[in-house]
Amino acid sequence: MRIAADQLCVDYNGSVALYDASLTLPAGCICGMVGMNGAGKSTLFKALTGFVRPSRGRIRINGLKVAEAQREQAVAYVPQSEGIDCDFPVSVWDVVMMGRYGSMNLLRIPRQSDRLAVRDALERVELLDLRDRPLSALSGGQRKRAFLARAIAQRASVLLLDEPFNGVDVRTEKLMAELFLQLRSQACSILISTHDLSHVQDFCDVVVLINKTVLAYGETSEVFTAENLSQAFGGLPPDVLRGQTP
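The working numbering applies: residue 1 is where the sequence shown begins, and numbers increase by one.
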């Protein structure tokens with residue numbers, strides 16, 4: 001399994017954010033993670049990346065502890081909002097090169113393999129022609145693609161995406177979906193947090209429904225039901241979710 005979480009609990013200053021959460025994600029899989037705001041989706045991402053330490057439970061990524069997986073550059077994370085000041089004079093190329101930092105020495109001098117990985121990632125998100133452009137000059141959709149390219153350049157086997165389709169244009173949305181399918185075919189495992197239930201239906205192999213814990217998990221055709229969604233979204237009746245469910 002690429003990701004295995006068992007009885008995971010996370011709390012912040014005594015306030016429970018996630019409890020007894022368990023899931024597994026195999027290689028070559030796209031998993032949609034669905035739940036309302038505050039359900040614990042971002043907390044789960046932070047636990048998987050080592051940004052927060054669980055109070056209980058166990059995580060294994062490629063059979064490794066989180067810290068070991070991070071040292072192996074096994075996990076790439078694209079949060080909803082990036083920590084980069086978009087007005088800072090940094091080029092698209094330099095942003096994507098940040099995905100290679102974990103593989104470089106302390107001086108962070110790019111090797112030929114690093115430059116090739118960045119070029120390949122930029123080509124895949126159709127931004128190679130804009131590689132010298134300042135990040136601040138990009139549109140919102142192009143900026144999203146640049147940050148996705150940074151994750152791709154890392155060459156991680158696990159990709160975590162927090163609301164990747166939020167605020168992007170139709171072209172970027174289509175390009176991202178096609179990229180995810182390509183990465184899946186290369187044995188990459190992708191965990192996507194999304195509020196758009198249509199994306200889950202369109203290309204997710206499995207789905208995890210979360211509301212402070214993992215309520216249901218499995219193949220989309222079996223788990224993605226009106227009844228399960230009602231439970232995930234705080235008891236909303238199935239008819240409220242009509243048009244977004246299978």
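Note that CB positions come from ideal geometry on N, CA and C, so glycine has one too. Since the model is a prediction, treat every value here as computed from it, not as a measurement.
Annotation: G99 is outside any beta strand (DSSP E) and is labelled neither H nor E by DSSP.
Annotated three-state conformation of E219 is strand, per DSSP. A residue is called buried when at least 16 other Cβ atoms come within 10 angstroms of its Cβ; A67 does not meet this threshold and is exposed.
If you draw a straight line from the Cα of L130 to the Cα of V92, it is about 7 Å long. Within the same chain, and ignoring the five residues on either side of R53 in sequence, no residue has its Cβ closer than 7 Å to its Cβ. Partner residues in the beta bridge of M33, as assigned by DSSP, are S193, V208.
As the crow flies, the alpha-carbon of Q201 is around 30 Å from that of G50. Ranked by Cα distance from G167, the options I3, P89, T194, L116 are led by T194. DSSP places L130 in no alpha helix (DSSP H); its state is neither H nor E. According to the DSSP assignment, D120 belongs to no beta strand (DSSP E) but to the alpha helix (DSSP H) extending over 112–124.
Under the three-state reduction of DSSP output, Q73 falls in the coil class, being neither helix nor strand.
In this structure, R184 is the residue among R184, N105, S221 with its C-alpha nearest to the C-alpha of A27. Counting along the chain, V170 sits inside no beta strand (DSSP E); it lies in the alpha helix (DSSP H) bounded by residues 170–185. The beta-bridge partner set that DSSP reports for S91 consists of P134. Between the C-alpha atoms of E173 and F165 there is a straight-line separation of about 6 Å. By the CB criterion at 8 Å, M98 and P110 fall outside the cutoff.
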